[in-house]
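Beneath this line is the structure, given in structure tokens, with notes to follow.
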Amino acid sequence: MKSIQLCFCGSNFNFSSCCQPYINKEVQVQTAEQLMRSRFSAYAIGNAQYIYDTYAKSSRAEQSVEDIDDWSKSCLWIALKIYPIANSVNNTTEQLVEFSAFYITNNTLCELREKSRFILEESIATNSTVKEKATLNSPLKQWRYIDGDIIAHSELTMIKRNELCPCNYYPTAWQSKKGKKFKHCCGK
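Its first residue numbered 4, the sequence shown is counted upward by one per residue in this note's numbering.
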């Protein structure tokens, strides 16, 4: 990974000052949207453990680190789009985030659009940096992903090797947008 890498979540900040501190558990996310963005970035870099750890306790039994790892590595995650939510559950313990994640698998551009549900859940501080904000072994409230309603999961197009790479079409794509053909960009 480049030393100055744009964040995978599409924020236009460097990864090292955006989602990486959350993924490395150096700091705690403060909003459900931050958690959504950091989970997308974790998928992009293949950090299945972080994705598993950010599931709500009630949802973890349905998941495994191995399954998450297989899914994240079978795709090239190219862009994330967050949508504003009207009439959302926007209280202090539960929030919704609607998003589209664009990815490539088997030379096919796909979109997963989902309205995700997050809760603020108690957990125990285990990381020394996070512990500084709370007393050792005291409960902390942390945002966790419960589940989501899939709005659309579609194959958008088959990508031909000599076509312009799809990452050129997404303003939030973290790949460079230099007009490269797919075979010289995301299709390598």
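Yeah, the Cβ is synthetic: ideal placement off N, Cα and C, and Gly gets one too.
Between which two residues does the alpha helix (DSSP H) containing Y55 stretch? Translated into positions along the sequence shown, residue 55 becomes position 52. Start and end: A51 to D56.
Under 6 Å Cβ to Cβ from S141, same chain only, skipping five residues before and after it: list those, please. Within the sequence shown, residue 141 is the residue found at index 138, counting from 1. Reliability fails at S141, whose pLDDT of 48 lies under 50, so the model's placement of it is uncertain and the value that follows must be treated cautiously. Nothing meets the Cβ criterion.
Just how far apart, CA to CA, sit F18 and L9? For the purposes of this step, residue 18 is taken as residue 15 along the sequence shown, with counting starting at 1. For the purposes of this step, residue 9 is taken as residue 6 along the sequence shown, with counting starting at 1. The straight-line gap from Cα to Cα measures roughly 5 Å.
Would you kindly check if the distance between the Cβ of Q66 and the Cβ of Y53 is under 9 Å? As a first step, residue 53 is located in the sequence shown; it is residue number 50 there, counting from the start. As a first step, residue 66 is located in the sequence shown; it is residue number 63 there, counting from the start. Contact flag unset, no.
Tell me the rounded alpha-carbon separation between H156 and E114. For the purposes of this step, residue 156 is identified with residue 153 of the sequence shown, where counting begins at 1. For the purposes of this step, residue 114 is identified with residue 111 of the sequence shown, where counting begins at 1. Cα-Cα distance, rounded: 6 Å.
Check Q23 in the structure and name its three-state DSSP category. Translated into the one-based positions of the sequence shown, residue 23 becomes position 20. Residue state, collapsed to three classes: helix.
Contact defined as beta carbons within less than 8 Å: I believe S119 pairs with F102. What is the distance between those atoms, to the nearest angstrom? For this step, residue 119 is matched to residue 116 along the sequence shown. For this step, residue 102 is matched to residue 99 along the sequence shown. Going by Cβ atoms, the distance from S119 to F102 rounds to 7 Å, so yes, they are a contact pair.
CB-CB under 8 Å to R42, same chain, minus the five flanking residues each way: which ones, in chain order? As a working note, residue 42 is residue 39 in the sequence shown. The answer, listed in chain order, is Y53, I54, T57 and Y148.
Can you give the Cα-Cα distance for E29 and G182, rounded to whole angstroms? In the sequence shown, residue 29 corresponds to position 26, counting from 1. In the sequence shown, residue 182 corresponds to position 179, counting from 1. In a straight line, the C-alpha of E29 is about 36 Å away from that of G182.
Given E135, which residues of its chain have a CB within under 6 Å of its CB, disregarding the five upstream and five downstream residues? Residue numbering aside, residue 135 sits at position 132 when the sequence shown is read from its first letter. Note on E135: pLDDT 46, under 50, position unreliable in the model; the coordinate value appears next. Within the same chain, E135 has no close Cβ partners at all.
Can you tell me which of K184, R164 and E158 puts its alpha carbon nearest to the alpha carbon of C78? Locating residue 78 in the sequence shown gives position 75, where the first residue counts as 1. For the residues K184, R164 and E158, the minimum Cα distance to C78 belongs to E158.
Cα-Cα separation, V100 to G49: Within the sequence shown, residue 100 is the residue found at index 97, counting from 1. Within the sequence shown, residue 49 is the residue found at index 46, counting from 1. Near 22 Å, if we compare the C-alpha coordinates of G49 and V100.
Does the distance from the CB of Q98 to the CB of A35 come in under 9 Å? Counted from its first residue, the sequence shown places residue 98 at position 95. Counted from its first residue, the sequence shown places residue 35 at position 32. Contact flag set, yes.
Relative to the C-alpha of E125, which candidate in L143, L112 and N110 has its C-alpha closest? To locate residue 125, count along the sequence shown from 1; it is residue 122. Of the candidates L143, L112 and N110, the one whose C-alpha sits nearest the C-alpha of E125 is L143.
Buried versus exposed call for W146 [16 or more other C-beta atoms within 10 Å across all chains shown]: By one-based count along the sequence shown, residue 146 stands at place 143. By the neighbour-count rule (16 or more Cβ atoms within 10 Å), W146 is buried.
Quick one: what's E114 bridged to in DSSP? Here the question's residue 114 lines up with position 111 in the sequence shown. In DSSP, E114 forms a bridge with F105 and S157.
Near F16, what residues of its chain come up, given a Cβ to Cβ distance below 6 Å and the 5 sequence neighbours on each side ignored? Your numbering for residue 16 matches position 13 in the sequence shown. Taken in chain order, the residues that qualify are C10.
Could you tell me the boundaries of the beta strand (DSSP E) in which A81 lies? Sequence index remark: in the sequence shown, residue 81 carries index 78 (1-based). For clarity, residue 81 is Ile in the given sequence; the question names Ala instead. Here the beta strand (DSSP E) through I81 covers L79 to Y86.
For F121, which beta-bridge partners are listed by DSSP? Mapped onto the sequence shown, residue 121 falls at position 118. Bridge partners of F121: Q98 and Y148.
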